Structures are given as structure tokens and as C-alpha cells.
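Trainee: Quick one: the structure is below, questions incoming.
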Amino acid sequence: MGQSPTKFARTTGPELRLRALIGPALEEFVVAPGSQAAIGRSASCEVCLLNEAVSRRHATVTARGLVWLLTDEASRAGTFINGMRLAPAVATPLGQGDLVRFGPWTFRVDVAGTLAGGGRPEPSSHGGTGLLHTLDDTGETQGRIERLPGRGTGLASQRFALLSECLEYLTAAADEVAMAEVVLDHTLRGTGYPRGAILTPGQGPGDVIVLASMGFEGAAETLTFSRSLLAEAANGASVVLGESASAQQPNFGASIAEMRVERAMCVPVKVGDMVCAFIYLDTRRGERTGSADSGPFCEAIARAYGLSLANHMRGLLERRQRELTGELESARSVQQSISPPSSGSVKHIHYAAHVEPGAFVAGDLFDVLDLPGGVALLLGDVSGHGAGPGMTMALTQAHLNAHLRAAGDLAAAVRSLNTYLAERSADGRFVSLFAALISPDGLMRFIDAGHGHWNIRRGGSALALPAEGRCLPLGIEIDAEFAPGCIQLAPGDLIVLYSDGVPEQRDITGEHFGLGRLDTALAATTHLGQTDVVRSAHDGVQAVFAALRAHAPGGRFDDDATLALLRFGSM
Numbered sequence: 093m094g095q096s097p098t099k100f101a102r103t104t105g106p107e108l109r110l111r112a113l114i115g116p117a118l119e120e121f122v123v124a125p126g127s128q129a130a131i132g133r134s135a136s137c138e139v140c141l142l143n144e145a146v147s148r149r150h151a152t153v154t155a156r157g158l159v160w161l162l163t164d165e166a167s168r169a170g171t172f173i174n175g176m177r178l179a180p181a182v183a184t185p186l187g188q189g190d191l192v193r194f195g196p197w198t199f200r201v202d203v204a205g206t207l208a209g210g211g212r213p214e215p216s217s218h219g220g221t222g223l224l225h226t227l228d229d230t231g232e233t234q235g236r237i238e239r240l241p242g243r244g245t246g247l248a249s250q251r252f253a254l255l256s257e258c259l260e261y262l263t264a265a266a267d268e269v270a271m272a273e274v275v276l277d278h279t280l281r282g283t284g285y286p287r288g289a290i291l292t293p294g295q296g297p298g299d300v301i302v303l304a305s306m307g308f309e310g311a312a313e314t315l316t317f318s319r320s321l322l323a324e325a326a327n328g329a330s331v332v333l334g335e336s337a338s339a340q341q342p343n344f345g346a347s348i349a350e351m352r353v354e355r356a357m358c359v360p361v362k363v364g365d366m367v368c369a370f371i372y373l374d375t376r377r378g379e380r381t382g383s384a385d386s387g388p389f390c391e392a393i394a395r396a397y398g399l400s401l402a403n404h405m406r407g408l409l410e411r412r413q414r415e416l417t418g419e420l421e422s423a424r425s426v427q428q429s430i431s432p433p434s435s436g437s438v439k440h441i442h443y444a445a446h447v448e449p450g451a452f453v454a455g456d457l458f459d460v461l462d463l464p465g466g467v468a469l470l471l472g473d474v475s476g477h478g479a480g481p482g483m484t485m486a487l488t489q490a491h492l493n494a495h496l497r498a499a500g501d502l503a504a505a506v507r508s509l510n511t512y513l514a515e516r517s518a519d520g521r522f523v524s525l526f527a528a529l530i531s532p533d534g535l536m537r538f539i540d541a542g543h544g545h546w547n548i549r550r551g552g553s554a555l556a557l558p559a560e561g562r563c564l565p566l567g568i569e570i571d572a573e574f575a576p577g578c579i580q581l582a583p584g585d586l587i588v589l590y591s592d593g594v595p596e597q598r599d600i601t602g603e604h605f606g607l608g609r610l611d612t613a614l615a616a617t618t619h620l621g622q623t624d625v626v627r628s629a630h631d632g633v634q635a636v637f638a639a640l641r642a643h644a645p646g647g648r649f650d651d652d653a654t655l656a657l658l659r660f661g662s663m
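Going by our numbering, the first residue of the sequence shown is number 93, and it counts up by one from there.
Structure below.
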């Protein structure tokens with residue numbers, strides 16, 4: 093039922109890149125802008141992770157304009173962002189540099205255009221140095237990396253005082269960089285090491301981001317870190333580069349030996365059971381040597397740091413959700429204020445409709461207008477998702493409403509809206525629209541501007557639709573023509589209008605809902621068109637959406653979905 097409309101490119105945002113930092117070796121995953129990808133063990137998933145700890149369909153990433161959302165699909169082992177486990181079926185915005193875990197893998201997120209405050213912070217100008225490449229010293233550190241000895245009998249009074257002070261300052265720190273500087277300062281004071289840094293995983297293999305550094309005298313070339321030491325600490329163990337190396341160890345460029353590093357320590361910082369940062373210390377030839385029993389103190393500092401990071405990251409996630417929800421709720425309230433009732437009668441048209449947002453707020457519009465010359469029907473879809481398209485929808489609906497009520501000229505109203513959108517849509521956003529004006533005698537003049545999702549049923553069969561009245565979506569060409577087509581309706585004819593979110597909704601395997609399931613759901617409502625016309629239409633809409641929710645994974649829609657059933661004439 094209905095013809096497939098011509099496809100037009102939708103407004104897209106940034107691509108999403110997922111690079112594995114911890115876990116079995118994987119190629120980088122890239123998810124195209126404006127798309128959706130399933131993550132799981134199943135071979136049908138776009139991001140396939142073959143491990144028993146990963147559910148068949150573990151999670152989903154979805155683009156909503158410039159924002160990427162991650163949703164846990166009720167996975168057995170859970171989905172984590174920066175060590176925080178996500179609640180199932182709750183979409184959470186991703187930020188640049190986030191660490192995301194599925195089973196044994198921890199991925200770093202690379203995505204631009206995130207919500208304000210959405211990503212992990214950049215280093216401050218007075219402590220961090222930014223992205224650096226670690227030193228590949230794997231060959232010359234063999235036999236020198238040792239695990240720290242177990243915890244001692246207790247902390248000296250000075251270290252206890254430093255730890256207490258560190259906890260107090262961490263509580264007051266404003267952001268992640270400030271916390272890193274507090275931790276590094278107290279660690280160096282309590283261990284005797286002359287220099288150190290707080291590191292987080294970087295963009296590429298072997299790269300790190302320096303959140304804070306001290307004792308390096310500001311020279312970038314002296315910021316040298318052992319890749320093998322970091323790799324060992326990434327497994328969750330505190331490690332030390334010992335002093336047992338032979339002086340004949342090979343040199344490879346700016347090596348550990350050339351930097352005269354005699355002892356280095358790396359302690360992982362965990363949020364939950366995920367390594368999010370490292371405390372890295374070293375001492376070089378001719379300098380004072382860090383205390384041999386400083387390991388337990390560093391680990392205590394790392395645990396305090398991890399707890400503070402957990403609280404900070406939890407706050408970031410909550411703030412992202414508040415920002416997203418607040419923005420979308422504002423758009424939703426505008427929509428609701430100008431939308432018609434979900435069912436009713438306007439002159440000779442009896443209808444029921446439902447708009448289901450796919451991204452918290454709908455970019456679809458539906459309206460029924462009582463005009464002097466008849467009844468106007470409007471159903472449209474704004475390209476994109478989220479609050480921006482939702483606000484464009486509200487402007488579109490208001491513009492059409494005002495123009496039609498003022499003049500009652502369908503073609504003139506659509507032309508005016510097209511000019512308005514084309515002049516103001518700098519981001520390539522457009523509107524597909526079905527607009528019709530039905531006179532009391534049943535003559536329906538219509539314009540199908542790139543919509544295509546509609547049909548007319550008479551006696552249970554779908555009528556053939558004329559080729560006239562079809563044109564480009566609105567907002568693409570400022571001088572486009574919009575000539576209406578005509579259909580003569582008979583009493584009892586059922587007009588079926590829907591957006592592409594209905595047939596294109598996918599199930600867990602990726603199969604679309606399709607027009608066949610839409611027909612089946614409507615046919616199952618056998619009393620459509622009987623005595624209570626409005627109730628019949630309402631039951632038909634409910635039947636379709638019940639089938640659509642059963643088809644959608646977890647009952648959540650990929651896109652905005654709208655369906656309207658409208659009966660012409662009295663029964």
C-alpha cells in the first residue's frame with residue numbers, strides 16, 4: 093500500500109569512531125554520520141564483538157543530529173561509559189574521549205559536535221601537555237618490569253596527612269584536569285619521585301593524553317613514557333620499571349636509556365573495574381630516587397582518585413541527560429500546543445492519529461484544519477532527529493496553518509513555505525509533506541512534496557493513485573513548482589497517511605516492518621468504518637502501533653512514526 097517516495101539525503105552530523113584500547117585486538121570501527129549501528133556478538137550486528145561476555149545484541153549507537161546516543165539493549169554483562177553502567181533502554185549521549193566498555197573491550201570514542209560539557213575535558217594550559225606518542229621500548233624493558241610488592245604494614249604519618257589532604261582537595265576540584273593536578277602534586281610529595289604525570293589513553297595506538305605533569309621543566313621532548321609499562325598497568329596491575337637492566341641494553345632513538353631513566357612506576361586509576369587513567373612517575377640518573385616503599389601510598393592515592401573520577405563522570409552523564417531532556421522537552425511543549433486532538437471530526441472528515449517520537453521529540457507533523465472551502469489535511473516529516481527538526485516542524489506547521497486560514501489556497505501556502513525554508517535552511521534540512529484540501533463534495537486536491545506514504549482504501553481495496561501532484565520536498569529549490577493533483581472521494585473512503593518511520597522500523601535482526609505488516613494490522617481491525625467512525629479509526633491506529641512496538645527492539649522506535657486514518661463522509 094502506498095508508493096515508495098524518492099529518497100533524499102538527510103542532514104547528517106559527525107561520524108563515530110570506536111578504537112579498542114583494552115581487550116583482544118580489533119580494527120577501528122567507524123559508524124557513518126546520521127546512521128545507527130547495533131553492537132553485539134551476532135554476525136548481523138554492524139559492530140560485531142565475538143566474545144561470550146557480549147550479548148547477541150548488546151547495545152546500539154544512534155545518530156541524532158550532531159549527537160550520538162548509546163543505548164544498552166538489556167545486555168547480560170552491561171554497557172559502561174567511563175565506568176558507569178547504563179540503565180537498559182535509556183539513550184545516553186556520547187562525548188569526545190569517552191571510554192566505553194562491552195565485555196572484555198574498552199573503546200575510546202572519537203566524535204565531534206557533542207553536547208556542551210559532553211566529552212572528557214582537554215588538559216589545562218598550566219599543567220597538561222595534550223596528545224603525545226609513547227616510546228616503543230618493548231625490546232629493552234624485557235626483564236625490567238616488575239610488579240610492586242604487596243601493601244606494607246601502614247602509612248607513615250606524613251603520607252596519611254597527604255592522603256587526607258588529597259581527598260579534601262579532590263572533593264573541591266572543579267574538573268578532571270584540576271583533579272589530576274591535585275593527585276600528581278600529592279603523589280610526588282609523598283613518594284620522593286622528582287617528576288610525574290597523570291595520563292589517559294590517547295587517540296591512536298601508543299598515544300596518551302597528559303592531563304597534568306610536573307618536574308619535566310616544560311620541555312616537550314623530555315615527556316617520555318614507557319609504552320610497555322603503560323600496557324602492563326592497563327591490565328589493572330601497579331608496575332615498576334626496575335633497576336636490574338644491563339647497561340648494554342639496546343638503544344632505539346630517544347630511548348629510556350638515553351633519557352637516563354633508572355626507575356619508573358605506573359599505577360592504574362580505576363572507575364569500577366575499568367582503567368581510566370594512570371599515575372606515572374620516574375627518576376633519572378643523578379637524581380634522587382623515589383622511595384622503594386611508595387607503591388602502597390600511590391595505590392591509595394589512585395583509589396581516592398578513582399572514586400572522585402567516578403563521582404565526576406556520573407555528574408557528567410547526568411548533566412548530558414538533563415541538557416538533552418530539557419532541550420527536547422521545550423520542543424515537545426511547542427509541538428503539543430499547536431497539534432490537533434488525537435481523534436475527532438472536522439466537518440465531513442472523521443479521523444484518528446498518533447505521533448510517536450523516535451528521539452524524544454518528533455520531527456513529524458500532523459494537522460487537520462477547518463477552512464471555509466473544506467478540510468485541510470497535513471502530514472510531514474522534517475529531515476533529521478531531535479530538538480532542531482522538532483522546532484522546524486513547529487515552524488512548518490504554524491506557517492501552513494496561518495497561510496491556509498488566511499487565503500485557503502493550497503498551492504500558494506506550499507510555495508510560500510518552500511521559499512521560507514529554502515531561504516533559511518543553511519544546514520540542508522528539508523521537509524517532505526503531504527497536503528490536501530477536501531471539499532464537501534469529496535474532491536480532494538493534494539500536493540505530495542517528496543512524501544509518498546499514503547493511500548486511499550475503498551471497500552477494503554487500495555485505489556490507484558494519480559501521478560499528478562508529486563514534486564520535490566520543501567526547502568531544496570527556492571523556485572520549485574507545486575501543482576496539485578485531484579482525486580474524487582466517495583463516502584466511506586479511508587485515507588491512510590503515515591511517515592517513513594512506520595514501514596522502515598527495524599526489528600532485532602534488521603528487518604523492516606514494511607507495508608505488508610501495516611496492511612495486516614489494519615485488516616485485523618475488522619470494524620473499521622462501522623457505526624462509530626472516530627472510534628473505528630482510533631482502534632485502527634492503536635492496532636498498527638501495537639504491531640509496530642512488538643516489531644521494534646524493546647518497543648523503542650528508530651525514527652519518528654506517525655499514522656493517521658481519516659474517513660470521508662457520514663456512514
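From the three backbone atoms N, C-alpha and C, an ideal C-beta is built for every residue, glycine too. These numbers come from a predicted model, not from an experiment.
(1) Apart from the five residues on each side of it in sequence, which residues of its chain come closer than 8 angstroms, Cβ to Cβ, to Arg239?
(2) Please state the DSSP three-state secondary structure of Val523.
(3) In the structure shown, what three-state DSSP assignment does Asp228 receive?
(4) Bridge partners of Ala264, per DSSP?
(5) Per DSSP, which residues does Phe199 bridge with? Please list them.
(6) Per DSSP, which residues does Asp462 bridge with? Please list them.
(7) Using 8 angstroms as the threshold, is the C-beta distance between Ile539 and Gly561 below it?
(8) With a floor of 3 residues, list each beta strand (DSSP E) that falls wholly inside the stretch 353-410, ordered by position along the chain.
(9) Given this structure, state the Cα-to-Cα distance separating Cys140 from Asp164, to the nearest angstrom.
(10) DSSP state of Pro297, grouped into three classes?
(11) Using a 10 Å radius around the Cβ and a threshold of 16 neighbouring Cβ atoms, would you call Ala346 buried or exposed?
(12) Please state whether DSSP places Pro645 in a helix, a strand or coil.
(13) Going by the beta-carbon positions, is the gap between Leu161 and Ala183 smaller than 8 angstroms?
(14) Please determine, among Pro286, Val274, Ala326 and Arg287, the residue with the shortest C-alpha to C-alpha distance to Gly294.
(15) Using the beta-carbon count (16 or more within 10 Å), is Thr654 buried or exposed?
(16) For Glu410 and Ser475, what's the separation of their Cα atoms in angstroms?
(17) So what does DSSP say about His491, is it helix, strand or coil?
(18) If you count every other CB in all the chains shown that lies within 10 Å of the CB of Gly244, and 16 or more means buried, which is it?
(19) Would you call the stretch 565-581 and the stretch 520-536 in contact, with 3 or more CB pairs under 8 angstroms?
(20) Which partner residues of Asp540 appear in the DSSP bridge assignment?
(21) Within the same chain, show all residues whose beta-carbon is closer than 7 angstroms to that of Arg507, passing over the 5 residues directly before and after it, in chain order.
(22) Taking the alpha helix (DSSP H) that Ser435 falls in, what are its first and last residues?
(23) Just curious, the alpha helix (DSSP H) that Tyr506 is in, first and last residue?
(24) Using a Cβ distance threshold of 8 angstroms, determine whether the stretch 637-652 contacts the stretch 441-448, with at least three qualifying pairs required.
(25) When DSSP labels each residue in this structure, what does Thr654 get in the three-state scheme?
(26) Measure the alpha-carbon distance for Pro180 versus Arg414 and round it to whole angstroms.
(27) At what residues does the alpha helix (DSSP H) containing Glu119 begin and finish?
(28) Look up Asp624 in the DSSP assignment and say whether it is helix, strand or coil.
(29) In three-state terms, what does DSSP make of Ser553?
(30) Would you identify the three-state DSSP class for Cys578, choosing helix, strand or coil?
(31) Does the beta carbon of Leu461 come closer than 8 angstroms to any beta carbon on chain C?
(32) Which ranges would you report for the beta strand (DSSP E) in the stretch 126-187 if only whole runs of at least 3 residues count?
(33) Would you grab the beta carbon distance between Phe317 and Leu291 for me? Rounded to a whole angstrom, and I think it's under 8 angstroms.
(34) State buried or exposed for Glu324, treating a residue as buried only when at least 16 other CB atoms are found within 10 Å of its CB.
(35) Where do the ends of the alpha helix (DSSP H) carrying Glu238 lie?
(36) My guess is that Thr226 and Val300 are in contact by the Cβ rule of under 8 angstroms, so how many angstroms apart are they, rounded?
Mentor: Once the coordinates are examined:
(1) Closer than 8 angstroms at the Cβ level, and outside the excluded window around Arg239, lie Ala329, Ser330, Val331 and Val332.
(2) Strand at Val523.
(3) Residue state for Asp228 is assigned as coil, using DSSP reduced to three classes.
(4) Ala264 is not bridged to any residue.
(5) Answer by DSSP bridge pairing, in chain order: Ala112 and Val192.
(6) The partner list for Asp462 (beta bridge, DSSP) reads Val467.
(7) Contact annotation: Ile539 and Gly561 have beta-carbon atoms nearer than 8 angstroms.
(8) The stretch 353-410 is shown to contain whole beta strand (DSSP E) runs of 3 or more residues at 353-363 and 366-376, in chain order.
(9) Straight-line Cα distance between these residues: approximately 15 angstroms.
(10) Residue state, collapsed to three classes: coil.
(11) Its pLDDT being 45, under 50, Ala346 is placed unreliably by the model, and the measurement read from it follows with that caveat. Answer is exposed; the Cβ neighbour count stays below 16.
(12) Reduced to three states, the DSSP call for Pro645 is helix.
(13) Yes; because the gap between Cβ atoms is below 8 angstroms, this pair is in contact.
(14) When each option's Cα is compared against that of Gly294, the closest is Ala326.
(15) Burial state of Thr654 is buried, judged by a 10 Å Cβ sphere holding 16 or more other Cβ atoms.
(16) Between the alpha carbons of Glu410 and Ser475 lies a gap of roughly 28 angstroms.
(17) In the three-state reduction of the DSSP assignment, His491 falls in the helix class, which pools H, G and I.
(18) Summary for Gly244: the model assigns pLDDT 48, below 50, so the residue's position carries little reliability, and this model does not support an answer.
(19) Yes: at least three Cβ pairs fall under 8 angstroms.
(20) Looking at the DSSP output, Asp540 bridges to Phe526 and Arg562.
(21) These residues qualify, in order along the chain: Phe574.
(22) For Ser435, no alpha helix (DSSP H) segment is defined; the enclosing uninterrupted segment is the beta strand (DSSP E) at Ser435 to Val438.
(23) Checking the sequence, you will find Val at residue 506 rather than Tyr. Where Val506 is concerned, the enclosing alpha helix (DSSP H) stretches over Leu502 to Arg516.
(24) Under the three-pair Cβ rule at 8 angstroms, the stretch 637-652 counts as touching the stretch 441-448.
(25) DSSP places Thr654 in strand when its eight states are reduced to three.
(26) Looking at the backbone, the Cα of Pro180 and that of Arg414 are separated by about 18 angstroms.
(27) In this chain, Glu119 is not harboured by any alpha helix (DSSP H), its DSSP state being neither H nor E.
(28) Here Asp624 sits in coil by DSSP.
(29) In the three-state DSSP reduction, Ser553 falls in the strand class (E or B).
(30) In the three-state DSSP reduction, Cys578 falls in the strand class (E or B).
(31) Reference to chain C is not applicable here, since this structure consists of a single protein chain.
(32) The stretch 126-187 contains these whole beta strand (DSSP E) runs: 128-132, 151-156, 159-164 and 171-173.
(33) Right, their Cβ atoms sit about 7 angstroms apart.
(34) Buried is the call here.
(35) For Glu238, no alpha helix (DSSP H) encloses it; the enclosing beta strand (DSSP E) starts and ends at Ile237 to Arg239.
(36) Right, their Cβ atoms sit about 6 angstroms apart.
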